[in-house]
Amino acid sequence: MVAPFRIDGGGTALVFAGVPHGPLLAYAGEGLAPDTDLDALVAAVATGPRENRPDDGADLLTVLPQPGWGFGGEPAVQLDRPARFESAGHEATADAVTFRFRDPLLGLALTLEWGFVPSGLLVTRASLANHGDARVGLLWLAALALPLPSWATRAVETGGRWGGEFAWHEAPLSTGRVEKAARGGRTGFDGAAFAIATDGAAREETGRIVAAHLAWSGNARHFIETLSSGERQLQIGERLEPGEATLAPGEVYATPPALTSFGADGLNGVRRRFHAELRDRSPPLAGPRRVHFNSWEAVYFDLSEPTLLDLADAAADIGAERFVLDDGWFRGRRDDRTSLGDWTVDRHVFPNGLHPLIERVRARGLDFGLWVEPEMVSPDSELHRAHPDWCLHAAGRPRPTQRGQLALDLGRGEVRDHLFVSLDRLLRDHAIAYLKWDHNRDLFPVGSARAQALGFYELVDRLRAAHPRVEIESCASGGGRIDFGVLSRAARVWASDNTDAVERLRLHRAMSVFLPPEVIGAHVGASPNPTTGRRLGMAFRARAALFAHLGVEADPRRMTDRERETLRRHLELYKRHRALIHGGRQSLIDTDDTGVTAQIVVAPDRREALALLARVDQAVAGAAAPVRLPGLDPAARYRVTLPEPWPGRAARQLADPDRWRAGPILSGEALARAGLRLPLVHPETAWLVHLEQVL
Ligand code: GLA
Numbered sequence: 000m001v002a003p004f005r006i007d008g009g010g011t012a013l014v015f016a017g018v019p020h021g022p023l024l025a026y027a028g029e030g031l032a033p034d035t036d037l038d039a040l041v042a043a044v045a046t047g048p049r050e051n052r053p054d055d056g057a058d059l060l061t062v063l064p065q066p067g068w069g070f071g072g073e074p075a076v077q078l079d080r081p082a083r084f085e086s087a088g089h090e091a092t093a094d095a096v097t098f099r100f101r102d103p104l105l106g107l108a109l110t111l112e113w114g115f116v117p118s119g120l121l122v123t124r125a126s127l128a129n130h131g132d133a134r135v136g137l138l139w140l141a142a143l144a145l146p147l148p149s150w151a152t153r154a155v156e157t158g159g160r161w162g163g164e165f166a167w168h169e170a171p172l173s174t175g176r177v178e179k180a181a182r183g184g185r186t187g188f189d190g191a192a193f194a195i196a197t198d199g200a201a202r203e204e205t206g207r208i209v210a211a212h213l214a215w216s217g218n219a220r221h222f223i224e225t226l227s228s229g230e231r232q233l234q235i236g237e238r239l240e241p242g243e244a245t246l247a248p249g250e251v252y253a254t255p256p257a258l259t260s261f262g263a264d265g266l267n268g269v270r271r272r273f274h275a276e277l278r279d280r281s282p283p284l285a286g287p288r289r290v291h292f293n294s295w296e297a298v299y300f301d302l303s304e305p306t307l308l309d310l311a312d313a314a315a316d317i318g319a320e321r322f323v324l325d326d327g328w329f330r331g332r333r334d335d336r337t338s339l340g341d342w343t344v345d346r347h348v349f350p351n352g353l354h355p356l357i358e359r360v361r362a363r364g365l366d367f368g369l370w371v372e373p374e375m376v377s378p379d380s381e382l383h384r385a386h387p388d389w390c391l392h393a394a395g396r397p398r399p400t401q402r403g404q405l406a407l408d409l410g411r412g413e414v415r416d417h418l419f420v421s422l423d424r425l426l427r428d429h430a431i432a433y434l435k436w437d438h439n440r441d442l443f444p445v446g447s448a449r450a451q452a453l454g455f456y457e458l459v460d461r462l463r464a465a466h467p468r469v470e471i472e473s474c475a476s477g478g479g480r481i482d483f484g485v486l487s488r489a490a491r492v493w494a495s496d497n498t499d500a501v502e503r504l505r506l507h508r509a510m511s512v513f514l515p516p517e518v519i520g521a522h523v524g525a526s527p528n529p530t531t532g533r534r535l536g537m538a539f540r541a542r543a544a545l546f547a548h549l550g551v552e553a554d555p556r557r558m559t560d561r562e563r564e565t566l567r568r569h570l571e572l573y574k575r576h577r578a579l580i581h582g583g584r585q586s587l588i589d590t591d592d593t594g595v596t597a598q599i600v601v602a603p604d605r606r607e608a609l610a611l612l613a614r615v616d617q618a619v620a621g622a623a624a625p626v627r628l629p630g631l632d633p634a635a636r637y638r639v640t641l642p643e644p645w646p647g648r649a650a651r652q653l654a655d656p657d658r659w660r661a662g663p664i665l666s667g668e669a670l671a672r673a674g675l676r677l678p679l680v681h682p683e684t685a686w687l688v689h690l691e692q693v694l
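Residue numbers (numbering that gives the first Met the number 0): 0 to 694.
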């Protein structure tokens, strides 16, 4: 029996105790004093003899629960034959541990690595090596199998759909399993790569939470299972199809990493750790994140050189800094049924190539971005005619399309080489600063999602090595490929095709649990909104996109002068505050009025902060409740101003406009405890609050 030991990181302690067939997690949670008596702690939480259990009496819910020892729940490792791994020791440091297991009969070695990283997250991986002499099929290997603390009594699932990503579903855990799986070969809309367990209704500022994420862009799966004993476990890993991970003698399979946050500091604690982690992993950028102008919802496929030159001028006039030509630019692409794969400029639309447009864009001080969807091919394309076997397909079976397209087999080296050459040429021949990299269909009916994801990573990595300054955005029909695997390569994600500001406030709130604001692409859309039909004023639309990487996805030529002016002023506000928004600590605020959504971003030195207080529906009460502003230095004094333009109708209800203009001074403590009462009664009201320390 191994003596209890612990690893610590980011204010979290994990205490392990040895049982004959694998380590038990005796404690996972807030930090423990260095001199904590671990023997006493383990004894205090140990289970005694119970009915209906194997006679060795050992606990079964270890960090590698297995049926071979009598565990009746879902195992952490599943093979195409019965296996039984026994513990083969561990090596631990202060913040990391490697557990070793083996199955001597099958000749298999299994390793679990658990370690804290500077962000405070626990990073875990598992691997299986075949040292035997027969091929072994692997069906499941959890990157993390976590026995949950007993306070974990509710689950949050973040599955959504196209145009409605990251929907927030909370439910109490009862018996059985809550499970999410991504089967479409990309991270997908189902929330399979994100798992959250809480101690009650999820709150922003308080509450115990475990949140886990699989940093992987292919199929994923997680579940939370309640055993008949009342114990619970959470597992997360890559979802494997039978035959997809067959290990020949000498071969090894390693899971993608799972990242896990433990804390008693609410969703904001989860945010703090995941944001810090992504900021460590994100590709470095040359400068601040530029204001995008994206042509898609402005003109869709209605492209011509004069139209785009006009649009470039209109984008420059409102203050955009990057012009993104979205779809429709390549040979024969007049609608979404054709031409994917043919990545050369369409000479009917651009008789002089893309150069005149790029020159105009650059002359106006913007840089240029282009949409591509490299992993796809249209049946009606030169590429498909030349290489009909390059798409994922099963010989002799039909080739069903989605959005009129097929997926290329990125497991094949020649396909990746061809894509590299086409994209490399495009980037060499044009001054392109940014690629919006799309992926608009699931992978079916066949193909290895694993090979596809690995092929995608290899292609992007090769392209980034050749063009390190080109920024890449991950888009998959909106937010269908959002994870830390792609985000260690892509600078940002297109969060959703839904640009409706009310929807976006909800979406950004949920997404921000894992993603910092700077990687969330958010564009000011048209009114009425093309997806929802909702009409919203320009100031509200612009404010909803401000706490993100901001852009514009509407035709400025079709806006009124007043709308253009309001938009211009908000783009200026974004430029003034983007260093703060993109580098500060973001907290969402628990409001007393659930119709108000509020957040604050505080600079790392707490000298400055910016908050957004927004109402999305009509209030029941006639006077809105004060909103408390957390995260400031309680002892410091802050000048509070409300950046203009103010929301018109609400501004008329301000208690003392002159005082707000002059900027009252309040302590961080008063702001956190008493808060600010701004008029927030009417729908579509959004206030910005700027706070600056007065020395
Ligand atoms: C997908 C993307 C959109 C846009 C279109 C272009 O739907 O999510 O943002 O780029 O493709 O066809």
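Each residue gets a CB set at the ideal place from its N, CA and C atoms; glycine is no exception.
Alpha carbons only, please: which of the options is nearest the one belonging to residue i?
i    : options                : result
R333 : V348, L172, T343       : V348
D335 : D326, R185, D341       : D326
T254 : E691, L138, W389, T590 : L138
D264 : V290, Y299, D589, P444 : D589
P283 : S487, D554, P682, D345 : S487
R272 : L665, S86, T11, P241   : T11
L407 : L426, F443, A430       : F443
A597 : R288, E178, A623, Y573 : A623
P682 : A649, D655, R658       : A649
Y637 : S86, H212, A87, E691   : E691
V492 : V518, V459, H20        : V518
L382 : S421, D341, Q404, W161 : D341
E203 : F70, G262, G550        : G262
Q401 : E413, R449, L339, A578 : L339
A608 : V626, P656, G630       : G630
H706 : E73, W686, G119        : Residue coverage of the chain in this structure runs from 0 to 694, which leaves residue 706 outside it and unanswerable.
S421 : G395, R346, A465, P397 : A465
R567 : R270, E320, S447, A25  : E320
Hey, how far is the Cα of residue i from the Cα of residue j?
i    : j    : result
S173 : T152 : 8 angstroms
H507 : P103 : 49 angstroms
H354 : V376 : 25 angstroms
P699 : M537 : Residue 699 falls outside the range modelled here, since the chain spans only 0 to 694, and no answer is possible.
T640 : A196 : 38 angstroms
D58  : L140 : 20 angstroms
E156 : G206 : 17 angstroms
G454 : L409 : 5 angstroms
D496 : T531 : 11 angstroms
E50  : T92  : 37 angstroms
E696 : A201 : Nothing about residue 696 can be read from this structure; the chain reaches only from 0 to 694.
V360 : D309 : 10 angstroms
V214 : P633 : It should be pointed out that residue 214 corresponds to Ala in this sequence rather than to Val. Rounded to whole angstroms, A214 to P633 spans 36 angstroms at the Cα level.
E256 : G114 : At residue 256 the sequence reads Pro, which differs from the Glu that was named. So the alpha carbons of these two residues sit roughly 11 angstroms apart.
G159 : A525 : 23 angstroms
V122 : L145 : 12 angstroms
H291 : R463 : 21 angstroms
V680 : V615 : 9 angstroms
E564 : L504 : 23 angstroms
A180 : P81  : 24 angstroms
A311 : A553 : 12 angstroms
F546 : W686 : 13 angstroms
Listed by chain order, which residues have C-beta atoms less than 6 angstroms from any heavy atom of ligand 1?
W295, D325, D326, D335, W370, D437, N439, C474, S476, G477, W493, D496
contact_flag[the stretch 473 to 487, the stretch 173 to 187] where n(CB pairs < 8 angstroms) is 3 or more
yes
3-residue-minimum beta strand (DSSP E) runs that sit fully inside the stretch 108 to 137, ordered along the chain
121 to 129
For the stretch 221 to 235 and the stretch 159 to 175, state whether three or more C-beta atom pairs, one from each stretch, are separated by less than 8 angstroms.
yes
Taking contact to mean at least 3 C-beta pairs separated by less than 8 angstroms, is the stretch 364 to 378 in contact with the stretch 421 to 436?
yes
Count the CB pairs spanning the stretch 44 to 60 and the stretch 121 to 139 that are closer than 8 angstroms, and state whether there are at least three.
no
Complete runs of the beta strand (DSSP E) confined to the stretch 539 to 582 [at least 3 residues]
548 to 551
Start-end ranges of the alpha helix (DSSP H) lying completely within the stretch 267 to 299, minimum 4 residues
295 to 298
Could you check whether the stretch 237 to 247 touches the stretch 84 to 100, counting it as contact only if at least three pairs of C-beta atoms, one from each stretch, sit closer than 8 angstroms?
no
Are the stretch 597 to 614 and the stretch 658 to 666 touching, with three or more C-beta to C-beta distances below 8 angstroms?
no
Run through the stretch 160 to 196 for me and flag every whole beta strand (DSSP E) of 3 or more residues, listed as ranges in chain order.
168 to 171, 175 to 181
Segments of 3+ residues assigned as beta strand (DSSP E) that fall wholly inside the stretch 597 to 663
607 to 614, 636 to 640
At which residue ranges does the stretch 1 to 79 contain complete alpha helix (DSSP H) runs of 4 or more residues, listed in the order of the chain?
37 to 44
Using 8 angstroms as the Cβ pair cut-off and three pairs as the minimum, do the stretch 229 to 244 and the stretch 161 to 170 touch?
no
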